[in-house]
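Below is one structure, written out as structure tokens, with a few remarks after it.
Residue numbers (our numbering): 136 to 370.
Laid out in structure tokens, this is it:
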């Protein structure tokens, strides 16, 4: 019976510490919840649709023994919560690091983006038959080009630094979801739709899927946060 709460426990475990410390007087992240909520709603809708399509076509799926049995369409409720809990904890980390360790002028982010884009496009095109690989890599490359070179957003270095930091909890959470320490994975993958290369139990594509999800959350979070700040100042 307890196994049925595994995915839910992972979601809530990822959320609890950032939620509590949102009220810390030096952070005041709770004042950013409205901006996060709007940003996350938009991104979550897009990723839930993507998730539903891939689940329908068997690109990945979910092991019912680790689920509560509540579904929205073909997705377990825990998967829906994943798109809220993980971005919340990640944006909280981004907010903290931006306050205490700003790195805007210390990272050659345009050069990093160029290298990433070249690698992502090459792999995405070469492995076009692997739908998880190609779609994730190409969409991330396009997003990085848009944010870095067209919109020229100055928070990109802070995002790169944050993502590097959160890779450790990412590997812990995603490792459990993909089967580390469990008899079966919570989330399984059809390896014919990806490169078949794993870091432990984690498909390498998950790193870039997570990066795409989080950079879109950050982009909209920054946009709405600036809007709300401007409105407050004007009043």
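Just so it is clear, CB atoms sit at the ideal spot from N, CA and C, and this is done for glycine as well. Predicted model only: the values in this text are computed from it and were never measured.
Exercise. Which of helix, strand or coil does DSSP assign to residue 219?
Worked result: Stepping through the chain shown from its first residue, residue 219 is reached at position 84. Of the three classes helix, strand and coil, the one that applies to residue 219 here is helix, per DSSP.
Problem set entry | Residues near residue 288 by beta carbon distance below 6 Å, same chain, minus five either side | By 1-based counting over the chain shown, the position of residue 288 is 153. Once the five neighbours on either side are set aside, the close Cβ partners of residue 288 are 282.
Problem set entry | Per-residue DSSP class, three states only, for residue 324 | Here residue 324 refers to the residue found at position 189 of the chain shown. Residue 324: strand per DSSP, three-state reduction.
Exercise. Hey, out of 311, 319, 353, 352, whose CA is closest to residue 334's CA?
Worked result: Along the chain shown, read from residue 1 onward, the residue named residue 334 stands at position 199. For residue 334, the nearest C-alpha among the options comes from 311.
Exercise. Terminal residues of the continuous beta strand (DSSP E) containing residue 332?
Worked result: Locating residue 332 in the chain shown gives position 197, counting from the first residue. Run containing residue 332: none; DSSP gives neither H nor E here.
For this session: Tell whether a beta-carbon distance below 8 Å holds between residue 183 and residue 218.
Result: Start at 1 with the first residue of the chain shown, and residue 183 comes out as number 48. Start at 1 with the first residue of the chain shown, and residue 218 comes out as number 83. In contact: residue 183 and residue 218 (Cβ atoms closer than 8 Å).
Exercise. Any contact of the stretch 326-341 with the stretch 157-177, i.e. 3+ C-beta pairs under 8 Å?
Worked result: no
Problem set entry | Burial state of residue 191, where buried means 16 or more other Cβ atoms lie within 10 Å | Counted from its first residue, the chain shown places residue 191 at position 56. Result: exposed.
For this session: Determine the direct distance from the alpha carbon of residue 317 to that of residue 276, and round the result to whole angstroms.
Result: Here residue 276 refers to the residue found at position 141 when the chain shown is read from its first residue. Here residue 317 refers to the residue found at position 182 when the chain shown is read from its first residue. Near 34 Å, if we compare the C-alpha coordinates of residue 317 and residue 276.
Exercise. Does any CB atom of chain C fall closer than 8 Å to the CB of residue 270?
Worked result: In the structure shown, chain C does not exist; there is a single protein chain.
For this session: Look up residue 235 in the DSSP assignment and say whether it is helix, strand or coil.
Result: Indexing the chain shown from 1 puts residue 235 at position 100. The answer is helix: DSSP assigns residue 235 an H, G or I state.
For this session: Could you say if the stretch 227-234 and the stretch 254-261 meet the contact criterion of at least three C-beta pairs nearer than 8 Å?
Result: no
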